[in-house]
């Protein structure tokens, strides 16, 4: 069958769908994806039959440009999908899937009864999930995987890094950095979220300085200047999400706060060091920990209080 996966969110939200996409492909389905300009390019071109991209509008916070929506609708109609797996709760995600015969989405039951009723009127089948942190012990990958029930062969999501690299990387068996680059097998994903979760700039500066001889530092283009001003590090940026994913795929170790980099790293790298906010730490780790790679989770306060502990862990390989 031909399956459309709709994920109109960020990079990390799309990354937790990688095991689902891998399992759908393994079951013989063709998979297309509906994404936004925030996460387009995440999946390797060979892993999908099409990528339908919505351009987000700045105001209001929800919604996409009429032109990109019309284009995506036309593309979806031409491909004649059999099933839509709606992983987003945005109303336009359901609108994109409206003409597809089978439509599967999430319902949260009595916690949001009106929303659940609304979803049921727009789908042919729903699966349950909790949106409250700590509401269930399942990893977000396992939650997304529920959408594929009846379409995939294995009841559990694939957790082998090599199988997931095949969905994310154009050359999944390659591991070295680009020729001419220093041999620095550690990637540190910088960004303003380090500060917002409780790691102050001074602690970031100490951490980055300790890792500088061994690491490359990445940042989103819109955050690079703020990172440089706060930490003294001039991070690398990438013109596209695709180029960034390929660069992460050449790292042995990824260091990040809980962002899309941690989730992508958790499917392409050997190990991930993931920094979470102190609030609801255990529940956050259960739900959002790196999926397939070896990982170690740190509290933000641990890194803020003694960045050397994270430096030592990275250099020791745990």
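Residue numbers (the working numbering): 3 to 320.
Where a beta carbon is used, it is the ideal one built from N, C-alpha and C, also for glycine.
From a predicted model like this one, the values you see are computed outputs, not experimental measurements.
Less than 7 Å between C-beta atoms, sequence neighbours within five positions excluded: which residues of the same chain meet that for residue i?
| i | result |
| --- | --- |
| residue 219 | 190, 192, 210, 235, 237, 238 |
| residue 46 | 169, 170, 171, 172 |
| residue 92 | 10, 64 |
| residue 315 | 275, 298 |
| residue 194 | 225, 228 |
Do residue i and residue j have their C-beta atoms within less than 8 Å of each other?
| i | j | result |
| --- | --- | --- |
| residue 1 | residue 6 | Nothing can be reported for residue 1, as the shown portion of the chain is limited to 3 through 320. |
| residue 53 | residue 71 | no |
| residue 254 | residue 187 | yes |
| residue 163 | residue 294 | yes |
| residue 149 | residue 129 | yes |
| residue 273 | residue 320 | yes |
| residue 160 | residue 153 | no |
| residue 66 | residue 58 | yes |
| residue 44 | residue 247 | yes |
Given residue i, which residues of its chain have a CB within under 8 Å of its CB, disregarding the five upstream and five downstream residues?
| i | result |
| --- | --- |
| residue 312 | 209, 257, 275, 277, 300, 304, 305 |
| residue 310 | 208, 212 |
| residue 12 | 40, 41, 262 |
| residue 302 | 199, 200, 201, 259, 277, 278, 279, 280 |
| residue 51 | 4, 32, 33, 34, 81 |
What residue range does the alpha helix (DSSP H) around residue i cover?
| i | result |
| --- | --- |
| residue 123 | 115-123 |
| residue 169 | 163-170 |
| residue 283 | 283-290 |
| residue 206 | 203-213 |
| residue 78 | 68-81 |
| residue 1 | What the structure shows of the chain is the stretch from 3 to 320, and residue 1 is not part of that stretch, so it cannot be assessed. |
| residue 23 | 20-28 |
Just how far apart, CA to CA, sit residue i and residue j?
| i | j | result |
| --- | --- | --- |
| residue 78 | residue 252 | 33 Å |
| residue 33 | residue 80 | 14 Å |
| residue 181 | residue 245 | With a pLDDT of 41 at residue 181, under the threshold of 50, the modelled position of this residue cannot be trusted, and the question is left open. |
| residue 16 | residue 124 | 22 Å |
| residue 286 | residue 264 | 13 Å |
| residue 100 | residue 85 | 11 Å |
| residue 342 | residue 40 | Lying before the first or after the last residue shown, residue 342 is absent from the chain, which here runs from 3 to 320. |
| residue 75 | residue 297 | 40 Å |
| residue 87 | residue 227 | 38 Å |
| residue 109 | residue 89 | 11 Å |
| residue 14 | residue 61 | 22 Å |
| residue 222 | residue 242 | 10 Å |
| residue 55 | residue 27 | 21 Å |
| residue 139 | residue 145 | 10 Å |
| residue 225 | residue 249 | 18 Å |
| residue 131 | residue 267 | 25 Å |
| residue 307 | residue 284 | 19 Å |
| residue 111 | residue 69 | 34 Å |
| residue 229 | residue 35 | 32 Å |
| residue 115 | residue 122 | 11 Å |
| residue 106 | residue 151 | 10 Å |
| residue 104 | residue 127 | 8 Å |
| residue 156 | residue 120 | 30 Å |
| residue 158 | residue 118 | 25 Å |
| residue 4 | residue 271 | 30 Å |
| residue 48 | residue 240 | 21 Å |
| residue 19 | residue 214 | 32 Å |
| residue 317 | residue 204 | 21 Å |
| residue 102 | residue 269 | 30 Å |
| residue 29 | residue 147 | 14 Å |
| residue 21 | residue 233 | 35 Å |
| residue 8 | residue 113 | 23 Å |
Residue i lies in the beta strand (DSSP E); which residues open and close that run?
| i | result |
| --- | --- |
| residue 303 | Residue 303 -> not in any beta strand (DSSP E); alpha helix (DSSP H) instead, spanning 302-307. |
| residue 6 | 4-8 |
| residue 109 | 104-109 |
| residue 130 | 127-130 |
| residue 56 | 52-56 |
| residue 38 | 32-38 |
| residue 258 | 255-259 |
| residue 86 | 85-88 |
| residue 189 | 188-191 |
| residue 294 | Premise fails: residue 294 is in no beta strand (DSSP E) and is neither H nor E. |
Using a Cβ-Cβ cutoff of less than 6 Å, which residues in the same chain neighbour residue i once the five nearest sequence positions on both sides are dropped?
| i | result |
| --- | --- |
| residue 184 | A caution first: residue 184 carries a pLDDT of 49, below 50, which makes its placement in the model too unreliable to give a value. |
| residue 196 | 206, 259 |
Within 8 Å of any Cβ in chain D, is that where the Cβ of residue i sits?
| i | result |
| --- | --- |
| residue 275 | No chain D is present in this structure, which holds just one protein chain. |
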